[in-house]
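Participant: I'd like to ask you about the structure that follows.
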Amino acid sequence: MSTPIENNEKEQAYWSYVKRQFKKNKRALFSFYIVCFLAFIALFADVLANEKPLYCSYKGNTYFPVFREYGVMMGFAKWPPDLRNIDWLNTKFDAVVRAPIPYSPTTLDPFNSGFVSPFGKQDVTSTRWRHWLGTENIGRDILASLIHGTRIALTVGLVSMSIATIIGILLGALAGFFGDNRIKISRASVIMLLIGLFFAYFYGFSARSFTMSEAFSLSLLKGFLQFSFSILIFIAVLGGFYLLGFVLKIIPFFKTKVAIPLDIIVQRLTEIFLSIPRLFLILAIVAIAKPGIFLVMAVIGFTSWTGISSFIRAELLKVRNLEFIEAAEALGYSRWRILFKHAIPNALSPVLIAVAFGIASAILVESFLSFIGLGIPAEVLTWGKLLALSRGGKSQLWVAIFPGLAIFLTVTVFNLIGEGLTDALDPRQKK
Amino acid sequence: MAGFFLFVILFICVFLRNMFKYILKRILIFIPTLLVISLLTFLLSVSVPGDPVEQMLSSASENGGKNVLASEQAYIDKRKNLGLDLPVFYFSLSNKATPKNLHEIPKKLHRENLEVFINKYGNWNEINSYYQSVKQLEIAVSHIDKDSSNADALIAVKDNLYKLYINHDDATLTSAKKNIQKNIQIASLQSISAPFQNTVAAYTAMKTKATTWKNSIPSIHWYGSQNQYHQWITKFFKGDFGISYQDQRPVKTVIWDALRWTLMLSLISMFITYLISIPLGVYSGAHKGSRFDKTTTTILFLLYSLPSFWVATLLIMFLGGGDFLGWFPAYGVGTDAIDDSMNIFQVAGVRMYYLFLPLVCFIYPSLAFISRQMRGAMINTLSQDYIRTARAKGLDEKTVLWKHAIKNSLLPIITLFASIFPLAISGAVTLEIIFSIPGMGKTVVEAIFSRNYPIVYTVVMFSAILTLVGNLVADILYALVDPRISFSKK
């Protein structure tokens, strides 16, 4: 029998072992560094490519426009009147330090519009202003768009896979750990919960649908607040009915416990999601709703949890019979505590593999969606949209090659990391 | 023929009782899964914004709006024709303020606006009389003869009338009404003055007699089997998939036309893929670590990660016209290039010429994927004891590889084969759109955009059925190939 402390030590040993195995894989390690590099670009995209100077001195005042913009966005700061409608590119500042790429993805360069090649002559004052990767149709700088596109691609990958991971772990763990007959609740609770579900849905969502849609049309934040409020009402009503169930238990018939076939339910749910072609589902939802990056992330997340959940389920089927779980049970810990503190942490490693591959596929789906012009709002330039711009009659090689390379590189490195993790976590290599 | 099937079934019953039981159980499980999927698709289509009836009518004729009553009748007929006049589902979960027969309001936009009114004021009687008064006003307006003196005013009145139908916030409605009032005075449209006063009065009544408390009492309305979902699903299982909203063709023919292309593409590409990837996988798996293995593994991995829509774009750019090599046509399937005088080989030649680039894009990702799977399975099998035994008893390497090892390493490939079914129906959406091949993927995406529900429903249901059947077939094949897997419970 292992005490929690020993268990913890073992865990550390296990993770350092995995780390060592992963580091042995040169390709995976290199890919990991590239991901770090991409993350760096994504984080500092505003500093790397921006039409606003990093620092400028104008009419005797000193400004840090790039950083001030964060303040303006969050509502702390305001633009001084001098700078409000300023033409950042052509104004003569007293002193100025510009970003390495002095263009934003939204900057239009009228002198270099209409697909200016990166190799040919450009109508710029000096090499400092050169469009290193050329421009697209209306004169936006490709490199600046690529840099800011990194942020969108990585965010989509991360957020959507976080959603998928949470759903997947929760469902997979419930199915794997409790199986079909380990969770038993009284008939009273089942009945009350079913009735409660009806009322909770009514008061939480049905009766509030108008309020919610009004709030969503005002702003995303307000809508989200109303939505969370609805969820709170839902949980409160459901909880109330559950408590009512205790009263019902006085009658012996209702006291009898029945098993909840969690495994069957989750398995069917997985089957349903696997049976509908994922891209159709995503396309259908995205075509209905208003375009937005969050929507794309949410939709991808809600449709890609099946792999993670089956990984976790399979792992927990093994873990739940191990000695340390028995030990925890013998110590009298509650089952939920055992599940969340002992069982799930020991089953997480294969999830990492699914997440790595999942990020790659999420980025691919997002670029495809923006490639066909869906989901992402018109003013946001993504890799996929840039690639789509090349699909005009004329040959704009650079508009096709660079965004495509960016997608390819990102997808490949995440796939390679997934590969590396698969090898590192493979118990057969332990010998 | 029937006798043969009966014999097969009897055979299965007697000799493979366990398997039969297993299949039966699986098929029984299909039913709830399919029902949930059908519900999900249905729910998605119902929540799509926009009105399919309006869309069809506006595409059919341009003379709408001349006679209000006639165009409304046309709308109602069309709606009935499409079966959209029925309630959506067996029951509706709503509140006490919402009437049971709300679905009888024909126009979708009006209905949605009325729902908001119900949410705001909760007094259906007043809301309905307001709605009817607006309708009366519209009819009265349509009776006015247009002449040069009142033309502008009439247009303004009609515009604002339209606003009354689809808006719910007080400010917009008030300004619309003010505008109508003003135009009535300007052009002295006496005949609509009385109906307009009615409308104003009805609106005030609706606002003052609000009974919002009714909104917080839940109620369930039961409609029975006369509903859109029931009609659709029963017809679906009878094999009647409805007609396409867009071109009025039966869904069956639309889908069959599209399926031919997708099936052809996926069968040809699968054949070529397996032809190349199995030997490749076996060879590199058997020579693990060799230079050949390392290079192919790397190349295949890179191929696997190459986004196919990028490759397609580049191929079109370089080989399909543009400023580079115009070797292949960039779009379409060459229907224009084919005439009746050609024989079958010439037709096939033209088709292949057009489908070459799409096929390349179809093949390379699955080629990479299947070779990798094959290689992995081969490595796994070659480390088994029985392979060592085979080698120890002196069999030559070729026999070991192609006779003993390949049998077991083909197992995972079988599962992959089962996934071809659903792939065939959903098609490669990406490539079909880029190369504009009229296959399933393109058809469905277009149907999604044009709210052509019958096609979306049918395709999603079919791909779900095929996935389920494909998985079942894969499991059965698995068990037939590998005797260790049994159907009876452990």
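Listed in order, the protein sequences are those of chains A and B.
The opening residue of the first sequence carries number 0 in numbering that gives the first Met the number 0; numbering runs sequentially from there.
The opening residue of the second sequence carries number 0 in numbering that gives the first Met the number 0; numbering runs sequentially from there.
Built from N, CA and C at the ideal position, the CB exists for glycine as well.
All of these numbers come straight from a predicted model, not from anything done at the bench.
Taking 8 Å as the CB-CB cut-off, is A/Gly203 touching chain B?
Facilitator: Chain B, which has no Cβ nearer than 8 Å to the Cβ of A/Gly203, makes this no.
Participant: What residues from the region 444-455 of chain B come within 8 Å of chain A, judged by C-beta to C-beta, listed N to C?
Facilitator: Cβ contacts with chain A: Val444, Ile447, Phe448, Val455.
Participant: Between the alpha carbons of A/Ile337 and A/Glu325, how many angstroms are there, rounded?
Facilitator: The straight-line gap from Cα to Cα measures roughly 10 Å.
Participant: Is it true that the CB of A/Ile352 sits closer than 8 Å to the CB of A/Val410?
Facilitator: Contact flag unset, no.
Participant: Would DSSP call A/Ser1 helix, strand or coil?
Facilitator: Only weak support is given to the placement of A/Ser1: the predicted model assigns it a pLDDT of 45, under 50, and the value that follows is read from those uncertain coordinates. Three-state DSSP puts A/Ser1 in coil, outside helix and strand.
Participant: Quick one: does B/Ser215 have its CB under 8 Å from some CB of chain A?
Facilitator: Chain A, which has a Cβ nearer than 8 Å to the Cβ of B/Ser215, makes this yes.
Participant: Per DSSP, what kind of secondary structure is A/Thr134 in: helix, strand or coil?
Facilitator: Note: A/Thr134 maps to strand in three-state DSSP.
Participant: Go ahead and pull the three-state DSSP assignment for A/His341.
Facilitator: Three-state result, A/His341: helix.
Participant: B/Tyr250 touches chain A at which residues, Cβ-Cβ below 7 Å?
Facilitator: The amino acid occupying residue 250 of chain B in the given sequence is Val; Tyr does not appear at that position. Going along chain A, no residue has its Cβ under 7 Å from B/Val250, so there is no contact; the nearest lies around 16 Å.
Participant: Flag A/Ala423 as yes if its beta-carbon sits less than 8 Å from any beta-carbon of chain B, otherwise no.
Facilitator: Taking Cβ atoms only, chain B never reaches closer than 8 Å to A/Ala423, which makes this a no.
Participant: Is the shortest distance between the beta-carbon of B/Leu410 and the beta-carbons of chain A less than 8 Å?
Facilitator: So, not an interface residue.
Participant: Is A/Glu402 helix, strand or coil by DSSP?
Facilitator: As written in the sequence, residue 402 of chain A is Pro, which differs from the Glu given in the question. In the structure shown, A/Pro402 sits in a helix (DSSP, three-state: H, G or I).
Participant: Going by C-alpha to C-alpha distance, which of A/Phe204, A/Phe36, A/Ala44, A/Val17 sits closest to A/Ala98?
Facilitator: Of the listed residues, the one whose Cα sits closest to A/Ala98 is A/Ala44.
Participant: Would you verify that the beta carbon of B/Leu318 is, or is not, closer than 8 Å to some beta carbon of chain A?
Facilitator: Taking Cβ atoms only, chain A never reaches closer than 8 Å to B/Leu318, which makes this a no.
Participant: Going along chain B in order, which residues have a C-beta closer than 7 Å to the C-beta of A/Glu270?
Facilitator: Within chain B, the residues near A/Glu270 are Thr32.
Participant: Which residues in the same chain as A/Gly167 place their Cβ atom closer than 6 Å to its Cβ, once the five residues preceding and following it in sequence are excluded?
Facilitator: For A/Gly167, where only same-chain residues beyond five positions count, the Cβ hits under 6 Å are Trp304, Ile307, Ser308.
Participant: Over the uninterrupted alpha helix (DSSP H) stretch that includes B/Ser93, give me the two end residues.
Facilitator: Here B/Ser93 belongs to no alpha helix (DSSP H); instead the beta strand (DSSP E) covers 90-94.
Participant: So the alpha helix (DSSP H) B/His229 belongs to, where does it begin and stop?
Facilitator: Per DSSP, B/His229 belongs to the alpha helix (DSSP H) from 227-237.
Participant: Tell me, please, whether the region 116-132 of chain B touches the region 259-277 of chain B by the rule of three or more beta-carbon pairs shorter than 8 Å.
Facilitator: The answer is no - the region 259-277 of chain B does not touch the region 116-132 of chain B, with fewer than three Cβ pairs under 8 Å.
Participant: Is there a Cβ of chain B sitting closer than 8 Å to that of A/Val410, yes or no?
Facilitator: Closer than 8 Å to some Cβ of chain B, the Cβ of A/Val410 qualifies, so yes.
Participant: Does the region 137-152 of chain A come close enough to the region 30-48 of chain A that 3 or more CB-CB pairs lie under 8 Å?
Facilitator: Taking 8 Å as the limit for Cβ pairs, the verdict is that the region 137-152 of chain A does touch the region 30-48 of chain A.
Participant: Kindly indicate the opening and closing residues of the alpha helix (DSSP H) around A/Ala258.
Facilitator: Element bounds for A/Ala258: not the alpha helix (DSSP H) but the beta strand (DSSP E), 256-258.
Participant: Tell whether a beta-carbon distance below 8 Å holds between B/Ser307 and A/Pro276.
Facilitator: Contact flag unset, no.
Participant: In terms of residues, what are the limits of the alpha helix (DSSP H) holding B/Thr294?
Facilitator: Element bounds for B/Thr294: 290-304.
Participant: With 8 Å as the threshold, decide whether the Cβ of B/Pro306 is near any Cβ in chain A.
Facilitator: Cβ-Cβ to chain A under 8 Å: yes for B/Pro306.
Participant: Can you find a C-beta in chain B that's less than 8 Å from the C-beta of A/Pro276?
Facilitator: Yes - at least one Cβ of chain B is within 8 Å of the one on A/Pro276.
Participant: In chain order, which beta strand (DSSP E) runs of at least 3 residues are fully inside the region 73-140 of chain B?
Facilitator: 90-94, all fully within the region 73-140 of chain B.
Participant: Would you say A/Ala433 lies against chain B (beta-carbon separation less than 8 Å)?
Facilitator: No answer is possible for residue 433 of chain A: it lies beyond the span of chain A, which begins at 0 and ends at 430.
Participant: Near B/Pro357, which residues of its chain fall below 7 Å by C-beta distance, leaving aside the five closest residues on each side in sequence?
Facilitator: If we look at B/Pro357 and ignore the five residues flanking it on each side, its Cβ neighbours are Leu264, Leu430, Phe434, Ile436.
Participant: State whether the region 132-148 of chain B contacts the region 204-211 of chain B, with contact taken as three or more CB pairs (one from each stretch) at a distance under 8 Å.
Facilitator: No: the two stretches stay apart, fewer than three of their Cβ pairs being nearer than 8 Å.
Participant: Between which two residues does the beta strand (DSSP E) carrying B/Pro217 extend?
Facilitator: B/Pro217 -> beta strand (DSSP E) spans 217-221.
Participant: Below 8 Å CB to CB, which residues in the same chain sit around A/Ile230 once its five sequence neighbours on both sides are set aside?
Facilitator: For A/Ile230, where only same-chain residues beyond five positions count, the Cβ hits under 8 Å are Gly203.
Participant: I need the straight-line Cα distance from B/Gln230 to B/Leu318, nearest angstrom please.
Facilitator: Taking the straight line from one Cα to the other gives about 50 Å.
Participant: Using CA coordinates, which residue listed in A/Phe301, A/Phe401, A/Glu314 is at the minimum distance from A/Gly156?
Facilitator: It is A/Phe301.
Participant: For B/Asn166, which residues in the same chain have their Cβ closer than 8 Å to its Cβ, ignoring the five residues on either side in sequence?
Facilitator: Around B/Asn166: Asn112, Leu172, Ala175.
Participant: Exposed or buried, which one is A/Met296 when buried takes at least 16 other CB atoms within 10 Å?
Facilitator: Under this definition A/Met296 is a buried residue.
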